[in-house]
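Worksheet for the structure shown next.
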Amino acid sequence: RLEIISDIPKGKAVYHFECTDIFKAKEILGDRVCIRGNVPLSLLCTGTPEEVKDYCKKLIDVVGKDGGFIMDAGATLDDAKPENVKAMCDFTKEYGVYG
């Protein structure tokens with residue numbers, strides 16, 4: 169299905185992925201659109217701050233490579249542990265800024 173939405177003009181959309189493999193989305197769409205997401209809510213609810221940081225690092229290194237990525241949760245944060253949301257935000261500010 170990702171191929172179906174890949175025909176959008178370059179730079180004209182931001183796609184938020186919740187249940188889609190974000191690494192596959194980067195592979196197929198990464199040169200056309202900005203990709204937003206996808207720290208799993210399950211990780212934010214049950215993981216540790218260190219696990220959240222590790223996953224965020226992987227997202228930044230793979231999906232954020234060459235730009236076009238916005239770090240975000242995969243779903244609403246209602247049930248997420250506050251310390252995990254803080255870990256996601258703080259780590260992204262420290263490690264994930266590129267220009």
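Per our numbering, residue 169 is the first one in the sequence shown, and the count goes up by one each step.
Glycine is no exception: its CB is placed at the ideal position from the N, C-alpha and C atoms.
All figures in this text were calculated on a predicted structure; none of them were measured in a lab.
- [ ] Report yes if the C-beta distance between L209 and A243 is below 7 Å; otherwise report no.
- [x] Sequence index remark: in the sequence shown, residue 209 carries index 41 (1-based). Sequence index remark: in the sequence shown, residue 243 carries index 75 (1-based). The Cβ-Cβ distance between L209 and A243 falls below 7 Å.
TODO: Along the beta strand (DSSP E) that carries C202, what are the first and last residues, could you check?
DONE: Here the question's residue 202 lines up with position 34 in the sequence shown. Element bounds for C202: C202 to V207.
Open item on the list: Tell me the rounded alpha-carbon separation between E219 and K178.
Closed with: Numbered from 1 along the sequence shown, position 51 holds the residue referred to as residue 219. Numbered from 1 along the sequence shown, position 10 holds the residue referred to as residue 178. Answer to the nearest angstrom: the Cα atoms are 34 Å apart.
Task: Euclidean distance between Cα positions of I238 and T214 - done: Here residue 238 refers to the residue found at position 70 of the sequence shown. Here residue 214 refers to the residue found at position 46 of the sequence shown. Near 23 Å, if we compare the C-alpha coordinates of T214 and I238.
Open item on the list: Let me confirm a value: V207 is counted as buried when at least 16 other C-beta atoms fall within 10 Å, else exposed. Which label applies?
Closed with: By one-based count along the sequence shown, residue 207 stands at place 39. Flag for V207 reads buried.
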